[in-house]
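A quick write-up on the structure given underneath.
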Amino acid sequence: METVAVSRVVVVEDSEAIRASVCAALTAQGLEVVGLPDGTELEAVLAGPRIDVIILDLMLPGRDGLELLEVVRRVSTAAVLIVTARDSTADRVTGLMQGADDYLVKPFAMSELLARIQAILRRTRPDAGAIVVGDLEISADGSTVRRGQCVIDLTQTERQVLDYLAAHRDQVVSKLQILTGVWGYDGFDPNVVEVHVSTLRRKLEADDRPRLLHTVRGRGYRLSGTS
């Protein structure tokens, strides 16, 4: 059964009251939400499962919002909504020029914030048919494979092997099944499967990411977000 990716939002806001109310409102909309009081843990969060939108205050302790915006743009494709008391035209232009997708001035109506988030998500959310295995996301049109925020570059054959494993995710499939499913017949040396699975695994599990492609001794392979 396919799992539709749930949109994830990070709220970076030092006011505990504002952060709590925004997180509660977003959660009530069915979104997954992470609240942060400053930018200390932002990069670690961005290294995990895909983030769709970041709500970013500018006046933060430590690194300010504009500095964090530069970090976000280096490592993530997440949309950024700046929410701040800075209301000058110059501040708005600076934020948008540095990569923010939208700008909302405090104080704000929660209904307006939610409307802006939904508008951003309509433009940026994954295809409804995206397949999700752990933090691996395979777009429905086959154009993109992501692990968290990282786009994974696969060869055509690696992608075909991944597609086959994803179609049978959480199931053990044999080398012969993969040969037949990907190459169309079983005349190839099964070692070909081992080679492609090995290179696919290296790409999917680079940088010590948790294992997704499991070897089941004597039986074959299993693509699963659980061990």
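Residues in the sequence shown are numbered consecutively from -8, following my numbering.
Positions of the beta carbon are idealized from the N, C-alpha and C atoms, including for glycine.
Bear in mind that the values here come from a model prediction, so they are computed numbers and not experimental data.
Report task. Put A70 into one of helix, strand or coil per three-state DSSP. Result -> Walking along the sequence shown from the start, residue 70 turns up at place 79. If DSSP states are grouped into helix, strand and coil, A70 belongs with the strands.
**Report entry** C-alpha distance - Y212 paired with H205, whole-angstrom precision
**Finding:** Residue 212 sits at position 221 when you count from the first residue of the sequence shown. Residue 205 sits at position 214 when you count from the first residue of the sequence shown. Their Cα atoms are separated by approximately 6 Å.
Requested in this report: Could you name the residues that DSSP lists as bridge partners for H205?
Outcome: In the sequence shown, the residue the question calls residue 205 occupies position 214. Paired residue(s): R213.
Query - 8 Å CB neighbourhood of L191 in its chain, flanking five on each side removed - result: In the sequence shown, the residue the question calls residue 191 occupies position 200. Excluding positions up to five away in sequence, the list reads L145, E149, V152, L153, L204.
Requested in this report: Have a look at the DSSP bridge pairing and note the partners of G26.
Outcome: Walking along the sequence shown from the start, residue 26 turns up at place 35. According to DSSP, which records beta bridges pairwise, G26 is partnered with V2.
Query raised in the report: Taking one C-beta from the stretch 39 to 57 and one from the stretch 72 to 81 each time, how about it: are there three or more such pairs within less than 8 Å?
Result: yes
**Report entry** Completely contained beta strand (DSSP E) runs for the stretch 145 to 209, where each covers 3 or more residues
**Finding:** 204 to 207
Requested in this report: List the residues that DSSP assigns as beta-bridge partners of L95.
Outcome: Locating residue 95 in the sequence shown gives position 104, counting from the first residue. Beta-bridge pairing links L95 to V74.
Query raised in the report: CA-CA distance, V96 and P201?
Result: Taking the sequence shown and counting its residues from 1, the one referred to as residue 96 is at position 105. Taking the sequence shown and counting its residues from 1, the one referred to as residue 201 is at position 210. Distance between the alpha carbons of V96 and P201: 40 Å.
Query - Neighbourhood of A35 by C-beta distance below 8 Å, restricted to the same chain and skipping five residues each side - result: Residue 35 sits at position 44 when you count from the first residue of the sequence shown. There are no such residues.
Report task. Just mark L170 as buried or exposed, buried being the case when its beta carbon has 16 or more other beta carbons within 10 Å. Result -> The residue you call residue 170 lines up with position 179 of the sequence shown. Its Cβ being crowded by 16 or more others within 10 Å, L170 is buried.
Query raised in the report: Whose C-beta lies closer than 8 Å to the C-beta of R210 among residues of the same chain, with five residues either side of it excluded?
Result: Here residue 210 is taken as the residue at index 219 of the sequence shown, counted from 1. Here the set comprises V163, S165.
**Report entry** Bounding residues of the alpha helix (DSSP H) (the contiguous stretch that carries R10)
**Finding:** In the sequence shown, the residue the question calls residue 10 occupies position 19. That run of the alpha helix (DSSP H) goes 7 to 19.
**Report entry** G53, buried or exposed, once every other Cβ within 10 Å from all chains shown has been counted against 16
**Finding:** Locating residue 53 in the sequence shown gives position 62, counting from the first residue. Label assigned to G53: exposed.
Query raised in the report: In whole angstroms, what separates the C-alpha of A131 from that of D78?
Result: Against the sequence shown, residue 131 aligns to sequence position 140. Against the sequence shown, residue 78 aligns to sequence position 87. A131 and D78: Cα-Cα distance of roughly 40 Å.
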